[in-house]
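Enquirer: Here the sequence shown stands for residues 1 to 97, numbered as in my numbering.
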Amino acid sequence: MTSGKIQEYQNILEEEKLMIETHFVNIERILREPEKIEKDKLFALMNNYNTLNIQYEQLCNNLIEFIKIFKDDNQEIRLYKTDELINLLDSKINQID
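(1) According to DSSP, is A33 helix, strand or coil?
(2) Spatial neighbours of L85 within its chain, please: CB distance less than 8 angstroms, with the 5 preceding and 5 following residues excluded, ordered by chain position.
(3) Closer than 8 angstroms is the cut-off here; do at least three beta carbon pairs connect the region 6-14 with the region 51-66?
(4) Among the candidates I67, D40, Q95, E76, whose CA atom is the shortest distance from the CA of Y9?
(5) For L88, which three-state DSSP category applies?
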């Protein structure tokens with residue numbers, strides 16, 4: 001595999017990572033709106049978040065392993081902090097009860 005193909009594949013992984021992070025940001029924006037979210041919409045957001053989070057964790061692990069094998073071991077990967085998003089989801093769910 002040429003270094004150009006390796007870089008191209010890494011770029012694709014990083015683009016997928018960025019796409020999921022964009023979804024996280026969009027979910028966060030919706031949750032920060034002051035108006036109350038309907039129960040079914042909130043559960044849809046929560047299910048979407050859960051699915052994206054699984055994909056994100058797998059993708060980041062794959063990207064880390066890929067970089068260890070093919071690239072500089074010292075390269076850092078920025079991870080989206082989902083703790084605040086989880087807290088927002090919990091807060092909105094508690095408002096329903």
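C-beta: ideal position from N, C-alpha, C; glycine also. Note that this is a predicted model, so its numbers are computed, not measured.
Expert: In this structure, then:
(1) Start at 1 with the first residue of the sequence shown, and residue 33 comes out as number 33. Residue identity check: residue 33 is Glu in the sequence provided, not Ala. E33 falls in the coil class under three-state DSSP.
(2) For this step, residue 85 is matched to residue 85 along the sequence shown. The answer, listed in chain order, is F24, I27, E28, L31, Y49.
(3) Contact between the region 6-14 and the region 51-66 is present, because at least three Cβ pairs lie under 8 angstroms.
(4) Sequence index remark: in the sequence shown, residue 9 carries index 9 (1-based). I67 is the residue among I67, D40, Q95, E76 whose C-alpha sits nearest the C-alpha of Y9.
(5) Working through the sequence shown from its first residue, we reach residue 88 at position 88. Three-state result, L88: helix.
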